[in-house]
Amino acid sequence: MASVRNARVVFSEIPQGVPDPQRSVKYDESELIDLDNVPLNGGFLAKAVALSIDPYMRNRMREAHIVQRFSPFLLGKPLVNYGVGRVIRSEHPGIKPGDYFHRKDLSFQEYSVIPDLSDVYVLTNEQKLPWTLYCGVAGMAGQTAWMGWHEYAAPKPGDVCFVTAAGGPVGSFVIQLAKAAGCKVVASAGSADKLQFARECGADVVFNYKTASTADVLQQEGPVNIYWDNVGGTSLDAALAHSANSARFIECGMISTINGESPHVKNLGMIVGNDLKVFGFIVGTLLPRYEDAFYGEVPRLVAEGKIRYREDVKKGLQYVGQAIYEVQTGGNKGKSVISLE
2 MASVRNARVV
12 FSEIPQGVPD
22 PQRSVKYDES
32 ELIDLDNVPL
42 NGGFLAKAVA
52 LSIDPYMRNR
62 MREAHIVQRF
72 SPFLLGKPLV
82 NYGVGRVIRS
92 EHPGIKPGDY
102 FHRKDLSFQE
112 YSVIPDLSDV
122 YVLTNEQKLP
132 WTLYCGVAGM
142 AGQTAWMGWH
152 EYAAPKPGDV
162 CFVTAAGGPV
172 GSFVIQLAKA
182 AGCKVVASAG
192 SADKLQFARE
202 CGADVVFNYK
212 TASTADVLQQ
222 EGPVNIYWDN
232 VGGTSLDAAL
242 AHSANSARFI
252 ECGMISTING
262 ESPHVKNLGM
272 IVGNDLKVFG
282 FIVGTLLPRY
292 EDAFYGEVPR
302 LVAEGKIRYR
312 EDVKKGLQYV
322 GQAIYEVQTG
332 GNKGKSVISL
342 E
């Protein structure tokens, strides 16, 4: 076979604030690959099928010397993130042509040679779900909600659960988990559309944090027993101020600070005063305990229509920059995914 195009998206400029969709990343079609003869060296050749766009990707758009939990993107090199791939050729005994898999750091290019099975989970997809869902409700976003809830929430019937970014892929799943546990759910989001979806997922009280005071809402609807935090900042401060004794604070994300903003949190003393349990977590730390159970349960529930979800799918790598921008500014209409099939 003659060489074919291997389109990719490279990290081209470290952003100041919100990533510029035209400058921070670049779509490039100049690379070619010989699918029949590219050396595998004991690994396997894969085609990207679906790639996840997530808020934390902004943290990786930084100077290479800055040490954080996740490695930085490298200037001039393809982005990497959670994604689904299909095996084209394999020299590895643990995976064969035709297999589909989920990988933590799949390259944002059409074809990649993957050296081994590190962070690779072969997907059986017995329910025949669209592969994009394995980047969302049946993938990393769903894992974050499901695993974090099971590990930290310790819900009791009647608990008040406050969920921020409630119209997003993690928050909307958490609402459904909380309702299944018998909680009263208070949910905030930044648009009428997202609030409507939060209500459809079962939230009892919804409000727009841009037009209503979070503190006033929680004073009326609280105190808060479980706080699922996706945003940090003033929402975190209000939840602290209106927390119940021994409340569980599950710190999943802080998108309000991700682009350089630094809202002041004044009520940290409530952690001591109300004997709060504060859990910060990265889903990767929970995967070894929960991954098999998650894949054994959640895809089936999705297929049966028992879990609500929304996707915002863009077809083609050329839309990666725009998708990243929308996720950072709240413009996406569901879990943001790039589809390549």
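Quick note, this note's numbering runs 1 ahead of the 1-based positions in the sequence shown.
From the three backbone atoms N, C-alpha and C, an ideal C-beta is built for every residue, glycine too.
Do you know how far the Cα of residue j is from the Cα of residue i?
i      : j      : result
SER173 : SER4   : 44 angstroms
PRO170 : VAL314 : 13 angstroms
ARG9   : GLU111 : 6 angstroms
TRP229 : ALA304 : 26 angstroms
THR133 : ALA216 : 37 angstroms
GLU342 : PHE109 : 14 angstroms
PRO300 : ARG59  : 28 angstroms
LYS185 : GLN128 : 32 angstroms
PRO98  : ARG87  : 8 angstroms
ILE283 : TYR210 : 25 angstroms
GLU298 : PRO79  : 33 angstroms
VAL114 : LEU76  : 20 angstroms
ILE256 : VAL279 : 18 angstroms
GLY223 : GLN23  : 44 angstroms
VAL81  : HIS151 : 28 angstroms
PRO20  : PRO158 : 42 angstroms
ALA240 : PRO156 : 17 angstroms
LEU118 : ALA193 : 43 angstroms
VAL187 : LEU196 : 11 angstroms
LEU237 : GLY332 : 22 angstroms
CYS162 : LYS105 : 30 angstroms
HIS243 : ARG6   : 56 angstroms
VAL338 : GLU312 : 7 angstroms
ARG61  : ALA47  : 24 angstroms
PHE295 : HIS103 : 13 angstroms
PHE208 : GLN220 : 13 angstroms
GLY281 : LYS307 : 28 angstroms
ASP160 : GLY183 : 7 angstroms
LEU302 : ASN126 : 13 angstroms
VAL39  : ALA65  : 29 angstroms
VAL68  : PRO116 : 25 angstroms
TYR135 : GLU32  : 27 angstroms
THR198 : ASP35  : In the sequence on display, residue 198 carries Phe and not Thr. One C-alpha to the other measures close to 45 angstroms.
VAL225 : LYS180 : 15 angstroms
GLY254 : SER340 : 25 angstroms
GLN17  : ALA324 : 18 angstroms
CYS202 : VAL218 : 20 angstroms
VAL121 : SER13  : 27 angstroms
Compare the C-alpha of residue i against each of the options and name the closest.
i      : options                        : result
VAL164 : ALA139, ASP205, THR125, LYS157 : ASP205
ASP100 : GLY84, PRO116, VAL81, VAL123   : VAL123
TYR83  : ALA239, ARG311, GLY285         : GLY285
TYR310 : ARG200, ASN275, GLU292         : ARG200
HIS265 : THR235, ARG290, ALA213, GLY191 : THR235
PRO131 : LEU76, ASP21, VAL50, ILE176    : VAL50
MET148 : GLY203, VAL321, GLY281, GLU292 : GLU292
ARG63  : TYR296, CYS202, ILE15          : ILE15
ASP11  : GLY335, GLY332, SER340, VAL321 : Correcting the residue identity first, residue 11 is Val in this sequence and not Asp. Answer by Cα proximity: VAL321.
PRO289 : ASN7, ASP106, GLN144, ALA47    : GLN144
ILE141 : LEU287, GLY332, ALA324         : With the sequence shown as reference, residue 141 is identified as Met, and Ile is not the correct amino acid for it. Among LEU287, GLY332, ALA324, the Cα nearest to that of MET141 belongs to LEU287.
GLU252 : ILE339, VAL175, ALA182         : VAL175
ASP37  : GLN17, GLY332, ASP117, ILE89   : ILE89
ILE227 : GLY306, ALA248, ALA324         : ALA248
LYS267 : GLY233, ASN126, TYR296         : GLY233
VAL85  : LEU107, ALA182, ALA65          : LEU107
ALA213 : PHE198, ASN231, GLY191         : GLY191
ASN246 : GLY254, LYS336, LYS334, LEU277 : LEU277
ASN231 : VAL218, VAL225, PHE250         : PHE250
Which whole-angstrom value is the C-beta distance of residue i and residue j, which I expect to be below 8 angstroms?
i      : j      : result
SER189 : ALA154 : Actually they are not in contact, since the Cβ atoms of SER189 and ALA154 sit about 18 angstroms apart, beyond 8 angstroms.
ALA146 : LEU178 : 7 angstroms
LYS334 : GLY137 : Wrong, their Cβ atoms sit about 13 angstroms apart, outside the cutoff.
Quick check: does the Cβ of residue i come within less than 6 angstroms of any heavy atom belonging to the ligand NAD?
i     : result
SER53 : As for the ligand NAD, it is missing from this structure, which has no ligand bound.
Item to check | Touching by the beta-carbon criterion (3+ pairs, under 8 angstroms), the region 53 to 61 and the region 325 to 334 | outcome: yes
Next on the checklist: Ignoring anything shorter than 4 residues, give me the alpha helix (DSSP H) runs that lie fully in the region 213 to 293, in order along the chain.
Outcome noted: 215 to 222, 234 to 242, 271 to 274
Checklist entry - Would you call the region 87 to 104 and the region 38 to 47 touching, i.e. three or more CB-CB distances under 8 angstroms? => result yes
Next on the checklist: Does the structure place the region 69 to 85 close enough to the region 263 to 280 that three or more beta carbon pairs sit under 8 angstroms?
Outcome noted: no
Next on the checklist: Assess contact between the region 19 to 30 and the region 316 to 323, defined as three or more Cβ pairs (one per stretch) separated by less than 8 angstroms. Is contact present?
Outcome noted: yes
Checklist entry - Which runs of the beta strand (DSSP E) fall wholly inside the region 69 to 157 and span at least 3 residues, in chain order? => result 81 to 91, 101 to 108, 112 to 115, 121 to 124
Checklist entry - What are the complete beta strand (DSSP E) segments, minimum 3 residues, inside the region 14 to 75? => result 26 to 29, 45 to 53
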